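A.B. asks: Respectively, the protein sequence lines represent chains A and B.
Residue numbering for the first sequence follows our numbering, starting at 1 and increasing by one per position.
Residue numbering for the second sequence follows our numbering, starting at 1001 and increasing by one per position.
Every residue, glycine too, gets a C-beta built ideally from N, C-alpha and C.
On a predicted model such as this, the values are computed, not experimentally measured, just so you know.
Quick one: the structure is below, and I'll ask about it shortly.
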Amino acid sequence: MYVAVKGGERAIDNAHAWLAEERRGDHDLAELSVAQIREQLSLAVNRVMAEGSLYDPDLAALAIKQARGDLIEAIFLIRAYRTTLPRLGASLPVDTSAMRCDRRISATFKDAPGGQVLGPTFDYTHRLLDFKLAADGEVPKAPEATARDEPTPHITGFLNREGLIQTEPDNEQTPPDLTREPMELPAERPLRLQALTRGDEGFLLGLAYSTQRGYARNHAFVGELRIGAVAVEMKIPELGFAIEVGEITLTECETVNQFRGSRVEPPQFTRGYGLVFGQTERKAISMALVDRALRWKELGEDDQGAPAQDEEFVLSHADNIQATGFLEHIKLPHYVDFQSELELVRKLRCAAGAEDLQEAAE
Amino acid sequence: MTDPTDRQTWMSLLAKAPSAELDRLWQDTGLAPGYTYLRAPEAGGVMVRGRAGATGAPFNLGEMTVTRCSLKLDSGEVGHAYVQGRDKGHATQAALVDALMQTAQEAELRAAILAPLEQALSAARAARAAKAAATKVDFFTMSRGED
């Protein structure tokens, strides 16, 4: 029997009104502005842009405010908004070697041209709570030094010159876009990289960590990590030339991995690659490790059966909006589904009970 | 005929300019030319691409918001704009500047709008570069094994 029911509108409206009130919090305290979130919670904003797959700091800050700081909810809002935007075109691939680096470090070469530039990092802080931040306080101005004019070439370029690292040739193909066509497996590397860069930071961190602990170990060094601004260029059809349509901050991580050679490749270093919107260092390193683990097939390595090597597993579960959508839907009304389960269990128990009685009688 | 590289430069500058800054400079010029939209300001997304391993196969990194606009001055010049973000006023002003840069008012606009925007951009970049430079590590040798 199917019984359609209706109701709950008043309850829903009132729940949402209460949500708005709770979002505002104590009225004796000043309301947070979107600009304050954008400026002072910028790493949260960056995560929402990266996983929301839309670079717009103001929108990400608004989403964080609306979501009461629930970043996955904020990412959900951005993804939903993104689908309403007409696609004006695609950029030329960004030139990260021309990045104006706020930060640029290499764990492999101490004296890399361009130097080791720490930038605004949490590294080397003591991770002690700073109670000065709980009081109002002026922040002293950061020291300045003479800006360097020297170029900051990619570290892997040096290894490349000696032929010690696998080259990354440009295939000049238009990359597949998983926001336009459903993801097909097996996926080529460009599709994997798109899925990874918008994937959940926590999921990728866990997978990347698993490779370090021995599940598809490939011993990664951070060859280079750089954070800074790059220009985004797009060809303008009506003008026939490319202009910069804006500037975005990116985090790029290139890992250098041990590789003993295989049936198809000579002994050399190989690479994992991470490129993520915003200052998102943990995510970019995680992406590079997982990218490298997923490359086992094209490099002729053994399938160790590790989760991080399983393309279908990784790509099907990296998206936190798909994941949370499916996970959270089970809390919504399933009265009819459950009713049928209930009847089934009752019938089975009845049948089992009848058999028991019969056995007892015999 | 306008030099495309020159036009590329000013269009790129206008795209990246903070909307409030452009608006202030535009208002200060007191210019109010008549125009009609060929394409009204429209916010959309541009798919930003990267390359695997920085030099390899292109891949889709994610979208960014961009607003475009095309208009025609009453005097006939056509201006285009593609600017970062969702500010329609920004796109309209950028397209107006692009159109006026093709008129006799070029020098005036260069001095009143483009030069100050360029200076502000350079100053902001220089400030970040100076802070980054202060965080460059200077290694020094503590001890050497051969002593």
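From the DSSP secondary-structure annotation, give me the bridge partner or partners of A231(A).
C.D. replies: DSSP lists E247(A) as partners of A231(A).
A.B. asks: Answer with yes or no whether the minimum CB distance from Y370(A) to chain B is below 7 Å.
C.D. replies: Shown here, chain A extends from 1 to 362; a query on residue 370(A) therefore has no answer.
A.B. asks: Closest Cβ-Cβ distance between F1059(B) and chain A: below 7 Å?
C.D. replies: Chain A contact via Cβ: present.
A.B. asks: Rounded to whole angstroms, what is the Cα-Cα separation between D130(A) and T280(A)?
C.D. replies: Whole-angstrom Cα-Cα distance: 23 Å.
A.B. asks: State the start and end residues of the unbroken alpha helix (DSSP H) segment that holds D337(A).
C.D. replies: Start and end: Y335 to A361.
A.B. asks: Leaving aside the five residues before and after A288(A) along the sequence, list all residues of the same chain whose C-beta is less than 6 Å from its C-beta, in chain order.
C.D. replies: C253, T255, G272, Y273 and G274.
A.B. asks: Give me whichever residues DSSP pairs with M1064(B) in a beta bridge.
C.D. replies: M1064(B) is bridged to Y55(A) and V1046(B).
A.B. asks: Could you spell out where the beta strand (DSSP E) holding G274(A) opens and where it closes?
C.D. replies: Run containing G274(A): T270 to F277, per the beta strand (DSSP E) assignment.
A.B. asks: Could you tell me which residues DSSP puts in a beta bridge with P93(A)?
C.D. replies: Partner(s): R1049(B).
A.B. asks: By DSSP's criteria, K1136(B) is part of a beta bridge. Which residues make up the other side?
C.D. replies: Paired residues: V117(A).
A.B. asks: Less than 7 Å between CB atoms is the rule here; does A145(A) satisfy it with respect to chain B?
C.D. replies: Yes, because at least one Cβ of chain B sits closer than 7 Å to the Cβ of A145(A).
A.B. asks: Quick one: Cα of P267(A) to Cα of D310(A), how far?
C.D. replies: In a straight line, the C-alpha of P267(A) is about 24 Å away from that of D310(A).
A.B. asks: Does the beta-carbon of K283(A) have 16 or more other beta-carbons within 10 angstroms, so that it is buried, or is it exposed?
C.D. replies: K283(A) is buried by the Cβ-count criterion.
A.B. asks: Check the Cβ of Y1082(B) against every Cβ in chain A and list those closer than 8 Å, keeping chain order.
C.D. replies: Simply L88, M234, I236, I243 and V245.
A.B. asks: Would you check if the segment 145-159 of chain A and the segment 1006-1020 of chain B touch, i.e. whether three or more CB-CB distances between them fall below 8 Å?
C.D. replies: Contact fails: fewer than three Cβ-Cβ distances are below 8 Å.
A.B. asks: Taking Cβ-Cβ distances below 7 Å as the criterion, which residues of the segment 288-318 of chain A are in contact with chain B?
C.D. replies: For the segment 288-318 of chain A, which is checked against every Cβ of chain B, not one residue is closer than 7 Å.
A.B. asks: What ranges does the alpha helix (DSSP H) occupy inside the segment 197-224 of chain A, keeping only unbroken runs of at least 4 residues that lie completely in it?
C.D. replies: Correct list: 201-212.
A.B. asks: If we define contact as Cβ-Cβ less than 7 Å, is D200(A) a contact residue for chain B?
C.D. replies: False, the Cβ-Cβ gap to chain B never drops below 7 Å.
A.B. asks: Just reading off the beta strand (DSSP E) that G325(A) is part of, what are its end residues?
C.D. replies: Not the beta strand (DSSP E): G325(A) falls in the alpha helix (DSSP H), residues N320 to H329.
A.B. asks: Quick check on this structure: which residue in A308(A), S286(A) and I285(A) has the alpha carbon closest to the alpha carbon of R295(A)?
C.D. replies: Closest option to R295(A), Cα to Cα, is A308(A).
A.B. asks: Q1008(B) by DSSP, collapsed to three states: which one?
C.D. replies: Residue state, collapsed to three classes: helix.
A.B. asks: Output needed in chain order: residues of the segment 1083-1106 of chain B with a Cβ under 8 Å from some Cβ in chain A.
C.D. replies: Those residues of the segment 1083-1106 of chain B that come within reach of chain A (Cβ to Cβ, closer than 8 Å) are V1083, Q1084, G1085 and R1086.
A.B. asks: In or out: P57(A) buried (at least 16 other Cβ within 10 Å) or exposed?
C.D. replies: Buried.
A.B. asks: For I330(A), count neighbouring C-beta atoms within 10 Å of its own C-beta (all shown protein chains included) and say buried if the count is 16 or more, exposed if not.
C.D. replies: Burial call: exposed.
A.B. asks: Just checking: is the beta-carbon of Q1008(B) within a distance shorter than 7 Å of some beta-carbon in chain C?
C.D. replies: The structure shown contains no chain C; its protein chains are A and B.
A.B. asks: Counting only beta-carbon separations shorter than 7 Å, does M1142(B) have a partner in chain A?
C.D. replies: No, its Cβ sits nowhere closer than 7 Å to a Cβ of chain A.
A.B. asks: Decide if the segment 89-102 of chain A is in contact with the segment 111-127 of chain A; the criterion is three or more beta carbon pairs, one per stretch, under 8 Å apart.
C.D. replies: Contact holds: three or more Cβ-Cβ distances are below 8 Å.
A.B. asks: Mind listing which residues of the segment 1017-1033 of chain B have their C-beta closer than 7 Å to chain A's C-betas, in chain order?
C.D. replies: If the cut-off is 7 Å between Cβ atoms, the segment 1017-1033 of chain B has nothing near chain A.
A.B. asks: Give a yes or no on whether the C-beta atoms belonging to T218(A) and R127(A) are separated by under 7 Å.
C.D. replies: Before going further, note that residue 218(A) is Asn rather than Thr in the sequence given. Cβ atoms of N218(A) and R127(A): not closer than 7 Å.
A.B. asks: Please check the pair P186(A) and A1057(B), which I expect to be a contact at CB under 8 Å, by giving their CB distance rounded to whole angstroms.
C.D. replies: Rounded, the Cβ-Cβ distance is 15 Å, inconsistent with contact.
A.B. asks: Is it a yes or a no for the segment 68-78 of chain A touching the segment 43-51 of chain A, going by three-plus beta-carbon pairs under 8 Å?
C.D. replies: Cβ pair count under 8 Å is three or more, so yes.
A.B. asks: If you count every other CB in all the chains shown that lies within 10 Å of the CB of F326(A), and 16 or more means buried, which is it?
C.D. replies: It is exposed - the Cβ of F326(A) has fewer than 16 other Cβ atoms within 10 Å.
A.B. asks: Quick one, are the C-beta atoms of F203(A) and A50(A) less than 7 Å apart?
C.D. replies: In this structure, A50(A) does not lie closer than 7 Å to F203(A) by Cβ.
A.B. asks: Name the chain B residues whose beta carbon is nearer than 8 Å to that of A142(A)?
C.D. replies: Within chain B, the residues near A142(A) are K1131 and A1134.
A.B. asks: Give me whichever residues DSSP pairs with F1059(B) in a beta bridge.
C.D. replies: Paired residue(s): G1050(B).
A.B. asks: Using a Cβ-Cβ cutoff of less than 6 Å, which residues in the same chain neighbour E224(A) once the five nearest sequence positions on both sides are dropped?
C.D. replies: Correct list, in chain order: S106, I155 and E254.
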